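Note sheet for the following structure.
Residue numbers (the numbering used here), protein chains in the order written: chain C, 1 to 326; chain E, 1001 to 1280.
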């Protein structure tokens, strides 16, 4: 709210600000007023963005909070207090969904970070063709997720998909396997696709971080006879640690909210086996028009993410201080 | 010397790269092969990687199966381009403020912006639906452009700010001393210098907007003529049968615009994206 007020003033004072500039230029004095105008100029510059996000993000958020205390649908709204939250607290299915979502997040993010690290290391190696390889890993990120998922739908198909086909020829599967039709494999298939979408970005950022490491460190270690693995473990990893932890958090939030992949591959099924919080919310709110119950879920999601991010940052601060990497 | 690899290590490295690329590109290869197969041969069991009946028929027939296909691809490009335009309109001034100017609540408001990233569009769908309804924007291009812009502003500010901070301050100060106003300096001195950064942010925003249309499209827009490709693609899943080969062909053709842009600008893009991340 404070921001909204100051931004209004900022918009109004544009003319004054131009005047200020002129008087500054003409006189070459009045340093103090020009500092003041810097503030107003800044407010004027960020005002449109702030204002826009207040309408499109903050207002809906406030509205969500209000709705979460309502029984709301297409018909109308009625205040029900904490009933929606109480239902969630008591619902065993919801508890399972929460656990599944965190499992989904940890599994997917760990794999993304691991693969991203491996990929970045490979692409960082001074081998011919690496410029080309760097371009070739990017398509999963470049194309729309929904379109990439169409390819995966095909891959996971039991009758004519390559995974089932090759699996059978190698004798790993004793018959066509519909990856998306079984509870376990549907969940893990969605994880694989999510990792596929997320890994290029992680690789790219870790690669950039690796290239930012001072080469003198490696040279010094090399002169001292340190092997490749040792240099990787004791120089590369600690040096790029800040980027790793930032990427992990960013990736975690993104994965937690990942919707398209699950929706297209399984719609949360079979029998809820791949339903994460976000898919559950979508089904309840948009699918069944239970806006109030959906809103309560959103509030829970935001709180869970908030708690997760704070705990993560807290632990991280301690960890980084302990290892002395900033 | 230090970077020299033995033959064995080189082989190992290339095998690693090959495996990694296989994972990244497998779906595309599969999609391409599927698009070449006649529909009746698609479902052949046991699985065959190569068959001798490949043809490009699907690429011409798909336009008949889904008559609006061309329109969907156009919509995708149009929506992403509009999102890019409006996002830059918001992001350029704001990121300049964060890169150069001192003002109260600077750090707090910046983290406020970045906090928006916490709520991916999916979380806010319900109330957003109502907000868009209140503003009368449902079932129009705006229904997909407006939320797209909102969720890309934070990322845009973050990236462009990092770039602007690297432009030497002296040039602006020189213009300032010469009597140029702040707005003039921003427009005539800073913006031309920031062009590479603008390209990076623009392309990033375009790619992301192109990629993330799906959820807004299926939720906020019921008008068929306005659907972007990812949503329109599902029309190949018909009442009777799914013309998989044409669907794959359409998907591949549909990603061409964004792939072309990426290929031409990837050099800037990769450098620029990572500049923001590695700074600290």
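Note that CB positions come from ideal geometry on N, CA and C, so glycine has one too. Quantities reported herein were computed from a predicted structural model and do not represent experimental measurements.
Query: Burial state of residue 1254/E (16 or more Cβ within 10 Å); Result: buried
Query: Distance CB(residue 1016/E)-CB(residue 115/C) smaller than 8 Å; Result: no
Query: From 1055/E, 1156/E, 1101/E and 1244/E, residue whose alpha carbon lies closest to that of residue 1209/E; Result: 1156/E
Query: Top-ranked residue by Cα proximity to residue 243/C, from 213/C, 254/C and 255/C; Result: 213/C
Query: From 255/C, 285/C and 311/C, residue whose alpha carbon lies closest to that of residue 102/C; Result: 255/C
Query: Straight-line Cα distance separating residue 145/C from residue 154/C; Result: 14 Å
Query: At least 3 beta-carbon pairs within less than 8 Å: the region 1232-1247 of chain E vs the region 1161-1173 of chain E; Result: no
Query: is_contact[residue 63/C, chain E] using C-beta, thresh 8 Å; Result: yes
Query: Short Cβ contact (8 Å threshold) for residue 1246/E with residue 1058/E; Result: yes
Query: Beta-bridge partners of residue 1242/E, as assigned by DSSP; Result: 1237/E
Query: Proximal residues to residue 305/C (C-beta, below 7 Å), its chain only, five neighbours per side dropped; Result: 253 and 256
Query: Three-state class that DSSP yields for residue 1162/E in the structure shown; Result: helix
Query: Under 9 Å from the C-beta of residue 1162/E: neighbouring residues of chain C; Result: The contacting residues do not exist; residue 1162/E stays about 12 Å from chain C at best.
Query: Bridge-paired residues (DSSP) for residue 71/C; Result: 78/C
Query: Residue 69/C versus residue 1040/E - alpha carbon distance; Result: 54 Å
Query: Whole-angstrom distance between residue 1099/E and residue 1201/E, CA atom to CA atom; Result: 15 Å
Query: Beta-carbon neighbours of residue 1147/E, restricted to chain C and to distances below 8 Å; Result: 56
Query: Listed by chain order, chain E residues near residue 134/C by CB distance under 9 Å; Result: 1266 and 1270
Query: Residue environment, residue 131/C, which counts as buried when at least 16 other CB atoms sit within 10 Å; Result: exposed
Query: Interfacial residues, the region 286-306 of chain C to chain E, with Cβ spacing under 8 Å; Result: 286, 291, 294, 295, 298, 301, 302, 305 and 306
Query: Contact residues within the region 1210-1244 of chain E, judged by C-beta distance below 8 Å to chain A; Result: Absence of chain A from the displayed structure is noted, the protein chains being C and E.
Query: Interface residues of chain E facing residue 127/C [CB-CB closer than 9 Å]; Result: 1005, 1010, 1013, 1014 and 1017
Query: Residue interval of the alpha helix (DSSP H) (run including residue 200/C); Result: 183-211
Query: Interface partners of residue 336/C on chain E, CB under 7 Å; Result: With chain C running from 1 to 326 in the structure shown, residue 336/C is simply not present.
Query: Beta carbon of residue 1248/E nearer than 8 Å to that of residue 139/C; Result: no
Query: Where residue 52/C meets chain E, residues with beta-carbon distance less than 8 Å; Result: 1090, 1149, 1150 and 1153
Query: Residue 1212/E classed as buried or exposed, judged by whether at least 16 other C-beta atoms fall within 10 angstroms; Result: buried
Query: Beta-carbon separation (whole angstroms), residue 67/C vs residue 273/C, contact threshold 8 Å; Result: Not really, about 29 Å apart at Cβ, beyond 8 Å.
Query: Any C-beta of chain C under 8 Å from that of residue 1167/E; Result: no
Query: Endpoints, the alpha helix (DSSP H) within which residue 1014/E is located; Result: 1007-1036
Query: Span separating the alpha-carbon of residue 1183/E from that of residue 1073/E; Result: 38 Å
Query: Neighbour flag for residue 1059/E against chain C, beta carbons, 8 Å; Result: no
Query: Cβ-Cβ separation, residue 1154/E to residue 1113/E (assumed contact under 8 Å), whole Å; Result: 4 Å
Query: Three-state secondary structure assigned by DSSP to residue 257/C; Result: coil
Query: Beta carbon proximity, residue 238/C to chain E, threshold 8 Å; Result: no
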